[in-house]
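Trainee:
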Amino acid sequence: MADSSGSNPQSPGFTEKLKSWLCWSWTYICALWFAMVLTMVYVLRSPLKLQETVNAASVFLNTLTPKFYVALTGTSSLISGLILIFEWWYFRKYGTSFIEQVSVSHLRPLLGGVENSSSVGLFSSVNGDTEPRTNVAECKVWRNPLNLFRGAEYSRYTWVTGKEPLTYYDMNLSAQDHQTFFLGDTQQLKPEDSVMQKAWRERNPQARIRAAYQAIELNRECAAAYVLLAEEEATTITEAERLFKQALKSAGKDTNLVVYIKRRLAMCARKLGRIKEAVKMMRDLMKEFPLLGMLNIHENLLEALLELQAYADVQAVLAKYDDISLPKSATICYTSALLKARAVSDKFSPEAASRRGLSTAEMNAVEAIHRAVEFNPHVPKYLLEMKSLILPPEHILKRGDSEAVAYAFFHLQHWKRAEGALNLLHCTWEGSMYHAYLSFHEVSVYPKKELPFFILFTAGLCSFCAMLAMLTHQFPELMGVFVKAFFSTLFAPLGFFADKMESFMPSCLWHHLANV
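Structural data, given as structure tokens:
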């Protein structure tokens, strides 16, 4: 038994090495195969009558009029323009390129691509059976740790305005998260799990709710179905809490489900005013599952402690998570700035500070604010109410406007509670001290979102084809000369290669091989 257990870890390592060696050698095998094909085509050029075929093609191309080339390039420009318009519309609506999404979702698995996300093993269990996923620092889009409940909170906006508060891209990411958290290994799905797998992908909320009830009919202990009903059907936080408690009873030993449900129960307690209970639940959850990098429970804990005005406890949490080796967030940076600003903001005066200079505590507060602004420069406009707040999304882009909305939506009240904190933020961010600070410190600028490659590619292709069509129509003879010179230059290396092959392989080689 000991030998078998000791040899098991070695076999996966050998398999991974074999796979890496095959992937490394595949490039050279393809190059060798391509060279063999070229050599075989050259050797068989006489039986295949390649020379006669090339000559016939050349004669056919020479007989074509310039109008044909104008029509060809114009059609190419029209098609690429239509593709460009569709790509731009899809990017503006969903935030991603359609061609890239199709290639990643469908073509990459066929070509042997490896998915970055893992279906199981997100959290470490109590018994240590599951390995945690530790490489979350590379993630750019994060799930909002304070995301609202769809049925009890987001739906209110829909009832009043008739508009959807969440984008399709955001809901699609949430559907992927839910399938990853709750369904686990797709090779061993139960009937109710298969129903829930389809339920998370449904775009219509009523269809998702009907699928959840269908899963409950198949299994009264389907915890994922109760989670969906708590998230989407419950119209009050109290009703959502009741459904989450029912889900917790049915979750059993499913670590991912237990962690998710307990976190949402703690958020229910926070929203219902039982803040101390919520803090206790969050602390117990962080103690029971210490590696919760994906859910960021400490950000929920910071917000609840700020509501209790337990600033010493907030500082203790920041001392643990405000570390250079851990991923930063607007909550970490701006909460640290709030604590330092709170210590001096009640007696702070810009005029007095400009006359006597900044004290050590005021300088620490100013530097903390600039550190926060450098991480996410969008937050101050929302905290100072220079931009209108909207409902926070379910996913945020680190250092982006969505993260600023999510932070200000929940933490603006804590800044208002600290007397003079917003005044110090305003003076530091926009006043004279900010320009003085800039003379000694270079503030980084978060890069804007770049256009997808295929939008740029189709735009260039459309413009190039349109230019060729116009030039061919205006100067047909000159373009004909140019095209012939271009193709003769392009195929010159191939002709050189053919001459060299002729010197090594005589043209009668095929006849000698046939006689043998």
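The numbering used here applies: residue 914 is where the sequence shown begins, and numbers increase by one. Glycine included, C-beta positions come from ideal geometry on N, C-alpha and C.
Using the Cβ count rule (16 or more neighbours within 10 Å means buried), how would you classify Phe1410?
Mentor: Numbered from 1 along the sequence shown, position 497 holds the residue referred to as residue 1410. Exposed, because fewer than 16 other Cβ atoms sit within 10 Å of the Cβ of Phe1410.
Trainee: Look up Val1257 in the DSSP assignment and say whether it is helix, strand or coil.
Mentor: Counting from one through the sequence shown, the residue named residue 1257 turns up at place 344. Coil at Val1257, not helix or strand.
Trainee: State the beta-bridge partners of Ile1309 as determined by DSSP.
Mentor: Here residue 1309 corresponds to residue number 396 of the sequence shown, with the count starting at 1. Ile1309 is bridged to Trp1055.
Trainee: Please identify the residue among Ala1232, Leu1302, Lys1189, Tyr1320 whose C-alpha is closest to the C-alpha of Gln1222.
Mentor: The count along the sequence shown starts at 1 and reaches residue 1222 at position 309. When each option's Cα is compared against that of Gln1222, the closest is Lys1189.
Trainee: Identify, in the order they occur along the chain, each residue of the same chain with its Cβ nearer than 6 Å to the Cβ of Glu1307, setting aside the five sequence neighbours on each side.
Mentor: To locate residue 1307, count along the sequence shown from 1; it is residue 394. Around Glu1307: Asn1057, Asn1060, Asp1083, Ser1087.
Trainee: If you drop the 5 nearest sequence neighbours on each side, which residues of the same chain put their C-beta closer than 7 Å to that of Ser1352?
Mentor: By 1-based counting over the sequence shown, the position of residue 1352 is 439. Bear in mind that the predicted position of Ser1352 carries a pLDDT of just 45, short of 50, making it unreliable; the figure below should be weighed with that in mind. For Ser1352, where only same-chain residues beyond five positions count, there are no Cβ hits under 7 Å.
Trainee: For Phe1202 versus Leu1178, is the C-beta spacing smaller than 8 Å?
Mentor: Walking along the sequence shown from the start, residue 1202 turns up at place 289. Walking along the sequence shown from the start, residue 1178 turns up at place 265. Cβ atoms of Phe1202 and Leu1178: not closer than 8 Å.
Trainee: May I have the straight-line CA-CA distance separating Leu991 from Phe1388, to the nearest angstrom?
Mentor: To locate residue 991, count along the sequence shown from 1; it is residue 78. To locate residue 1388, count along the sequence shown from 1; it is residue 475. The alpha-carbon atoms of Leu991 and Phe1388 are separated by roughly 21 Å.
Trainee: Within the same chain, show all residues whose beta-carbon is closer than 6 Å to that of His1291, passing over the 5 residues directly before and after it, in chain order.
Mentor: What you label residue 1291 is simply residue 378 of the sequence shown in a count that begins at 1. If we look at His1291 and ignore the five residues flanking it on each side, its Cβ neighbours are Asp1314, Ala1317.
Trainee: Just to confirm before moving on: does the CB-CB distance between Leu1185 and Ala1278 stay below 8 Å?
Mentor: Within the sequence shown, numbered from 1, the residue matching residue 1185 stands at position 272. Within the sequence shown, numbered from 1, the residue matching residue 1278 stands at position 365. Not closer than 8 Å, so no.
Trainee: I'd like to check one pair, Arg1063 with Glu1115: are the Cβ atoms closer than 8 Å?
Mentor: Against the sequence shown, residue 1115 aligns to sequence position 202. Against the sequence shown, residue 1063 aligns to sequence position 150. Not closer than 8 Å, so no.
Trainee: Could you give the DSSP three-state label for Ser1087: helix, strand or coil?
Mentor: The count along the sequence shown starts at 1 and reaches residue 1087 at position 174. Helix, per DSSP.
Trainee: From this set, Ile998, Trp1055, Leu985, which residue's C-alpha is nearest Ala1319's C-alpha?
Mentor: The residue you call residue 1319 lines up with position 406 of the sequence shown. Selected option, being the one with the closest Cα: Trp1055.
Trainee: Could you tell me whether the Cβ atoms of Phe1367 and Ser1010 are closer together than 8 Å?
Mentor: Locating residue 1367 in the sequence shown gives position 454, counting from the first residue. Locating residue 1010 in the sequence shown gives position 97, counting from the first residue. Contact check for Phe1367 against Ser1010 passes: the beta carbons are separated by less than 8 Å.
Trainee: Closest to Phe1370 by C-alpha separation, out of Ser1301, Ala969, Ile996, would be which residue?
Mentor: As a working note, residue 1370 is residue 457 in the sequence shown. With distances taken between Cα atoms, Phe1370 lies closest to Ile996.
Trainee: Alpha carbon to alpha carbon, what distance is there between Ala948 and Arg1005?
Mentor: For the purposes of this step, residue 1005 is identified with residue 92 of the sequence shown, where counting begins at 1. For the purposes of this step, residue 948 is identified with residue 35 of the sequence shown, where counting begins at 1. Straight-line measurement puts the Cα of Ala948 at about 44 Å from the Cα of Arg1005.
Trainee: Compute the beta-carbon to beta-carbon distance between Val1230 and Leu1219, rounded to the nearest angstrom, for a pair I have assumed lies under 8 Å.
Mentor: Along the sequence shown, read from residue 1 onward, the residue named residue 1230 stands at position 317. Along the sequence shown, read from residue 1 onward, the residue named residue 1219 stands at position 306. Not a contact, Cβ separation roughly 10 Å.
Trainee: Distance, Cα to Cα, Leu1208 vs Arg1312?
Mentor: What you label residue 1208 is simply residue 295 of the sequence shown in a count that begins at 1. What you label residue 1312 is simply residue 399 of the sequence shown in a count that begins at 1. For Leu1208 and Arg1312, the distance between alpha carbons rounds to 18 Å.
Trainee: From Ser1301 to Leu1325, what distance separates their C-alpha atoms?
Mentor: To locate residue 1301, count along the sequence shown from 1; it is residue 388. To locate residue 1325, count along the sequence shown from 1; it is residue 412. Per the coordinates, the alpha-carbon of Ser1301 lies some 12 Å from the alpha-carbon of Leu1325.
Trainee: Could you pull out every unbroken beta strand (DSSP E) segment of at least 3 residues lying fully inside the region 1090-1139, listed in chain order?
Mentor: none
Trainee: What is the DSSP secondary structure of Phe1410, reduced to helix, strand or coil?
Mentor: Here residue 1410 refers to the residue found at position 497 when the sequence shown is read from its first residue. Residue state, collapsed to three classes: helix.
Trainee: Sorted by chain position, which residues of the same chain lie with C-beta nearer than 8 Å to Val1227's C-beta, five sequence neighbours on each side aside?
Mentor: Taking the sequence shown and counting its residues from 1, one reaches residue 1227 at position 314. Answer for Val1227: Leu1215, Leu1218, Leu1219, Thr1248, Leu1252, listed in chain order.
Trainee: Under 8 Å, do Ala1153 and Ala1138 count as touching if we go by C-beta distance?
Mentor: Locating residue 1153 in the sequence shown gives position 240, where the first residue counts as 1. Locating residue 1138 in the sequence shown gives position 225, where the first residue counts as 1. No, the pair does not count as a contact, with Cβ atoms beyond the cut-off.
Trainee: What are the start and end residues of the alpha helix (DSSP H) that includes Arg1069?
Mentor: Translated into the one-based positions of the sequence shown, residue 1069 becomes position 156. Where Arg1069 is concerned, the enclosing alpha helix (DSSP H) stretches over 1068-1074.
Trainee: Round the Cβ separation of Ala1285 and Cys1340 to the nearest angstrom and send it over; I've been treating them as touching at under 8 Å.
Mentor: Your numbering for residue 1285 matches position 372 in the sequence shown. Your numbering for residue 1340 matches position 427 in the sequence shown. Not confirmed; about 15 Å, so no contact.
Trainee: For Asn1048 and Asn1169, I'd like the C-alpha separation in whole angstroms.
Mentor: What you label residue 1048 is simply residue 135 of the sequence shown in a count that begins at 1. What you label residue 1169 is simply residue 256 of the sequence shown in a count that begins at 1. Caution is warranted here: a pLDDT of 40 is assigned to Asn1048, below 50, making its placement in the model unreliable, and no coordinate value can be reported.
Trainee: Going by Cα to Cα distance, which pick from Ala1124, Trp1072, Ala1274, Ala1372 is closest to Ser993?
Mentor: On the sequence shown, residue 993 is found 80 positions in, with the first residue counted as 1. Looking at the Cα atoms, Ala1372 is the closest of the given residues.
Trainee: Apart from the five residues on each side of it in sequence, which residues of its chain come closer than 7 Å, Cβ to Cβ, to Ile904?
Mentor: Nothing can be reported for residue 904: it is not among the residues displayed for the chain, which extend from 914 to 1429.
Trainee: Would you report the Cα separation of Asp1235 and Lys1241, rounded to the nearest angstrom?
Mentor: By 1-based counting over the sequence shown, the position of residue 1235 is 322. By 1-based counting over the sequence shown, the position of residue 1241 is 328. Computed Cα separation, rounded: 7 Å.
Trainee: What distance in whole Å lies between the Cβ atoms of Ala1164 and Ile1174, which are believed to be in contact at a cut-off of 8 Å?
Mentor: On the sequence shown, residue 1174 is found 261 positions in, with the first residue counted as 1. On the sequence shown, residue 1164 is found 251 positions in, with the first residue counted as 1. Confirmed, Cβ separation roughly 6 Å.
Trainee: Please return the same chain residues whose Cβ sits closer than 6 Å to the Cβ of Asn968, not counting the five positions on each side in sequence.
Mentor: Here residue 968 is taken as the residue at index 55 of the sequence shown, counted from 1. Setting aside the 5 residues that flank it on each side, Asn968 has no residue in the same chain whose C-beta is closer than 6 Å to its C-beta.
Trainee: With burial defined as no fewer than 16 other Cβ atoms inside 10 Å of the residue's Cβ, what is the status of Glu1028: buried or exposed?
Mentor: If you number the sequence shown from 1, residue 1028 lands on position 115. Confidence in Glu1028 is poor, its pLDDT being 42 and thus under 50, which makes the residue's placement unreliable; the coordinate value appears in the next sentence. Looking at its Cβ environment, which holds fewer than 16 other Cβ atoms inside 10 Å, Glu1028 is exposed.
Trainee: Residues in the same chain with beta-carbon distance under 8 Å from Ala1334, minus the five sequence neighbours each way, listed in chain order, please.
Mentor: In the sequence shown, counting from the first residue as 1, residue 1334 sits at position 421. Leu1251, Ala1254, Arg1255, Ser1258, Trp1328.
Trainee: Here's a check: name, in chain order, each residue in its chain whose Cβ is nearer than 6 Å to the Cβ of Thr966, leaving out the five neighbours to either side.
Mentor: As a working mapping, residue 966 is identified with position 53 in the sequence shown. Cβ neighbours of Thr966 beyond the five flanking positions: none.
Trainee: In whole angstroms, give me the CA-to-CA distance for Thr1071 and Val1140.
Mentor: By 1-based counting over the sequence shown, the position of residue 1071 is 158. By 1-based counting over the sequence shown, the position of residue 1140 is 227. Straight-line Cα distance between these residues: approximately 21 Å.
Trainee: Can you grab the Cα-Cα spacing for the pair Met1392 / Met1380, in whole Å?
Mentor: The sequence position of residue 1392 within the sequence shown is 479, counting from 1. The sequence position of residue 1380 within the sequence shown is 467, counting from 1. C-alpha separation (whole angstroms): 12 Å.
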